[in-house]
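Visitor:
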Amino acid sequence: MSEELPPPPDIARDVFAGEAWDRAEAFAELLAGPGVVRGLLGPREVPRIWDRHLLNCAVVAEAIPEGVRLVDIGSGAGLPGIVLAIVRQDITVTLLEPLLRRTVFLEECVEALKLQNVEVLRGRAEELAGKRVFDVASARAVAPLDRLLKWAMPLLREGGELIAMKGERAAEELAEAEPQLRASGATTAELVTVGHGKVEPPATLVRVISGRAPEQGRRRRRR
Numbered sequence: 118m119s120e121e122l123p124p125p126p127d128i129a130r131d132v133f134a135g136e137a138w139d140r141a142e143a144f145a146e147l148l149a150g151p152g153v154v155r156g157l158l159g160p161r162e163v164p165r166i167w168d169r170h171l172l173n174c175a176v177v178a179e180a181i182p183e184g185v186r187l188v189d190i191g192s193g194a195g196l197p198g199i200v201l202a203i204v205r206q207d208i209t210v211t212l213l214e215p216l217l218r219r220t221v222f223l224e225e226c227v228e229a230l231k232l233q234n235v236e237v238l239r240g241r242a243e244e245l246a247g248k249r250v251f252d253v254a255s256a257r258a259v260a261p262l263d264r265l266l267k268w269a270m271p272l273l274r275e276g277g278e279l280i281a282m283k284g285e286r287a288a289e290e291l292a293e294a295e296p297q298l299r300a301s302g303a304t305t306a307e308l309v310t311v312g313h314g315k316v317e318p319p320a321t322l323v324r325v326i327s328g329r330a331p332e333q334g335r336r337r338r339r340r
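Using the numbering used here, read the sequence shown as starting at 118 and increasing by one per residue.
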């Protein structure tokens, strides 16, 4: 039996301001209902939908530049992709997800929430490389950072950003990913915390700025 969706905390109305509020409430209901029934979210997560999922994803918007094209890798139940699209109508969001049952759920959410700034693509990041280019890639609980770099960096323009939600292991994963950071030509990799005064603890992100991969640079110099 699934848990009952709790009322939103007071801070939620500040985070989901204006017209975002109705969409946030509707998305919470979709996660707690069809999302649980279809196995995209565990029943025990329902009491934590607002704190652990919606608010924790919404504060990531603090790290997203204005007007960008964002791809949410392994979007799953739309966390953080749909939440970012709700709070940031200035950005366009591509929800990239390989599993059919998840893309069906995502498409239904986008339609129900009337999100004009979102598209759903079924596929893997490796398949999209060379076909589409984005300003920002987001990811939450998809893969270790070194593997995530291999998927995300080919999708980013030079100077684009990978924003990975990593929690308490963020610093450890960043250190472990050092070889892959060098191989991918990243220019900057740092820890960022967002959501101070809104979520407890604040959300920890790894932000990686894309450069030109070293092997691309060598090929260009030979010409």
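We treat Cβ as the ideally placed atom computed from N, Cα and C, and that holds for glycine.
What separation, rounded to the nearest whole angstrom, lies between the Cα atoms of residue 299 and residue 264?
Guide: So the alpha carbons of these two residues sit roughly 13 Å apart.
Visitor: Which residues share a DSSP beta bridge with residue 321?
Guide: Its beta-bridge partners are 310.
Visitor: Would residue 196 and residue 241 be called neighbours here (beta carbons separated by less than 8 Å)?
Guide: no
Visitor: Could you tell me which of 190, 206, 126 and 189 sits nearest to residue 135, measuring between CA atoms?
Guide: 206
Visitor: Within 10 Å of its beta-carbon, does residue 283 have 16 or more other beta-carbons around it, so buried, or fewer, so exposed?
Guide: When all chains shown are included, residue 283 counts as buried.
Visitor: Looking only at DSSP bridge pairs, what is residue 255 linked to?
Guide: Looking at the DSSP assignment, residue 255 forms a beta bridge with 189 and 280.
Visitor: Relative to the C-alpha of residue 181, which residue among 137, 277, 246 and 314 is closest?
Guide: Taking only the C-alpha atoms, the option nearest residue 181 is 277.
Visitor: Measuring alpha carbon to alpha carbon, tell me which of 323, 143 and 312 ends up nearest residue 292.
Guide: Nearest option by C-alpha distance: 323.
Visitor: Quick one: any contact between the region 216-234 and the region 242-255, if contact means 3 or more CB pairs under 8 Å?
Guide: no
Visitor: Does the Cβ of residue 140 have 16 or more other Cβ atoms within 10 Å, making it buried, or fewer, making it exposed?
Guide: buried
Visitor: Determine the extent of the beta strand (DSSP E) in which residue 201 is found, giving its start and end residues.
Guide: Going by DSSP, residue 201 is part of no beta strand (DSSP E) but of the alpha helix (DSSP H) stretching over 198-204.
Visitor: Tell me whether residue 127 is buried or exposed, calling it buried when 16 or more other Cβ atoms sit within 10 Å of its Cβ.
Guide: exposed
Visitor: Can you give the beta carbon distance from residue 212 to residue 172, rounded, assuming they're within the 8 Å contact cut?
Guide: About 20 Å; that fails the 8 Å criterion.
Visitor: Is residue 295 helix, strand or coil by DSSP?
Guide: helix
Visitor: Based on the DSSP secondary-structure assignment, which residues constitute the bridge partners of residue 266?
Guide: Answer by DSSP bridge pairing: none, since residue 266 is not bridged.
Visitor: First and last residue of the alpha helix (DSSP H) that includes residue 171?
Guide: Per DSSP, residue 171 belongs to no alpha helix (DSSP H) and is neither H nor E.
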